[in-house]
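Numbering (this note's numbering), first residue to last: 700 to 1020.
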């Protein structure tokens, strides 16, 4: 089967609309952004052996390849519009392509994203997605405007994906129930980008970042760009029921702090917006938890039971660290 036939079969499901004049099938896409808006563009690559295991479900991969980009857009308060896909495959496997495209389109349709183009080549398995969104207000939510006394919030729960990865790599060392194992792997394989939350908090949050590399490392990046410090209470970190059971059996705050792959949002806001934070949580159905506050200086101070807790041995995931 020729390249164009593969693209037509698996990656041409989206028709044109008011914002897409020309989509998949030509040398480039022709799109029209909403009036009086600014565009936000992000790209992520997933490589086999580094970001996913060879036996990972292709449907999960299709979902995750888009989800990690939508999480970046969410952290900037952007509404997703379009995506392009560059796919490198060692060979054509139709069941793999069918599962991958099903996972990608399912998440895309949920968030109104149109796949408008891309590339297909032969090589080691690698997936790159570029996503574009827009800012209705023209003002991006960034990492650089957190201020002293702002409160620090996080969406969802932390640590589940990191446990899921650990179970894949060393399952024989850990005894967990089948229900908890499924929960951990679901968080790892199918992260839920907080698009609605990001769009709503853009109206009042002072800074935000998405948690791809771990709470400690990503929060430090936000603090550095804002020129501030912070205090975080470990006992306030939101843990799922499965993660609480894991902690009881094998307490490991380092895993929660630096395991990565959460794809939740951390954001800061003035205390005056506390009620609005609660309202956003209610409207979106996404738990949002206060975990600390911004402070003067440049240090990220961790507290447990009122005492200082040491920084994690590894602050978070870094490709070249």
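All C-beta atoms, glycine included, are put in the ideal place defined by N, C-alpha and C.
Secondary structure of residue 863, DSSP reduced to three states: helix
Length at least 4, wholly inside the segment 912 to 974: the alpha helix (DSSP H) runs in chain order: 914 to 925, 940 to 949 and 952 to 957
For residue 830, the three-state DSSP class (helix, strand or coil): strand
Pair within 7 Å by beta-carbon distance, residue 826 and residue 764: A contact, by the Cβ cut-off of 7 Å.
DSSP three-state assignment for residue 1018, whether helix, strand or coil: Below a pLDDT of 50, predicted positions are generally treated as unreliable, and residue 1018, at 49, falls in that range; no measurement from the model is reported.
For residue 995, the three-state DSSP class (helix, strand or coil): Reduced to three states, the DSSP call for residue 995 is coil.
Residue 816: first and last residue of the uninterrupted beta strand (DSSP E) it sits in: 813 to 821
Residue 1018 to residue 931 span [Cα, whole Å]: A caution first: residue 1018 carries a pLDDT of 49, below 50, which makes its placement in the model too unreliable to give a value.
Other residues of its chain near residue 888: CB distance less than 6 Å, five sequence neighbours each side excluded: 759
Contacting residues, own chain, Cβ-Cβ under 6 Å from residue 746 (five flanking each side not counted): 825
Length of the line joining the Cα atoms of residue 975 and residue 914: 23 Å
Distance between beta carbons of residue 901 and residue 836, contact taken as under 8 Å: 7 Å
Rounded straight-line distance, which links the Cα of residue 962 to that of residue 713: 26 Å
Every unbroken alpha helix (DSSP H) within the segment 835 to 896, with a cutoff of 4 residues, ordered by chain: Listed in chain order, the complete alpha helix (DSSP H) runs (minimum 4 residues) inside the segment 835 to 896 are 859 to 869 and 877 to 888.
When 1003, 881, 864 and 926 are compared against residue 748, the one with the closest alpha-carbon: 864
Distance, residue 956 Cα to residue 1020 Cα: A caution first: residue 1020 carries a pLDDT of 49, below 50, which makes its placement in the model unreliable, though a value can still be read off. One C-alpha to the other measures close to 17 Å.
Alpha carbon of residue 982 to alpha carbon of residue 896, nearest angstrom: 9 Å
Burial state of residue 707 (16 or more Cβ within 10 Å): Exposed is the call here.
Beta-carbon proximity of residue 1031 to residue 855, cut-off 7 Å: Lying before the first or after the last residue shown, residue 1031 is absent from the chain, which here runs from 700 to 1020.
Run of the beta strand (DSSP E) containing residue 743, from where it starts to where it stops: 737 to 746
Of the listed residues 822, 838 and 964, nearest to residue 771 (C-alpha basis): Selected option, being the one with the closest Cα: 964.
Under the three-state DSSP convention, the category residue 791 falls into: coil
Nearest neighbour of residue 861, chosen from 725, 984, 942 and 906 [CA to CA]: 942
Cβ shell of residue 801 (< 6 Å), same chain only, five flanking positions each side left out: 758
Chain C within 7 Å of residue 745, Cβ atoms only: Protein chain content of the structure displayed is limited to a single chain, and chain C is not contained in it.
Residues that DSSP places opposite residue 909 in a beta bridge: Partner(s): 964.
Environment of residue 868 [buried if 16+ CB atoms lie within 10 Å]: exposed
Bounding residues of the alpha helix (DSSP H) (the contiguous stretch that carries residue 723): Residue 723 -> no alpha helix (DSSP H), and no H or E assigned at all.
Residue 820 versus residue 715: straight-line alpha-carbon distance, rounded: 25 Å
Cutoff 8 Å; reference residue 918; Cβ partners in own chain excluding five residues on either side: Taking residue 918 as the centre and dropping the five residues before and after it, the same chain places the C-beta of 851, 908, 929, 931, 965 and 999 closer than 8 Å to its C-beta, in chain order.
Paired residues, beta bridge with residue 1029 - DSSP: The shown model of the chain, from 700 to 1020, leaves out residue 1029, and the question about it has no answer.
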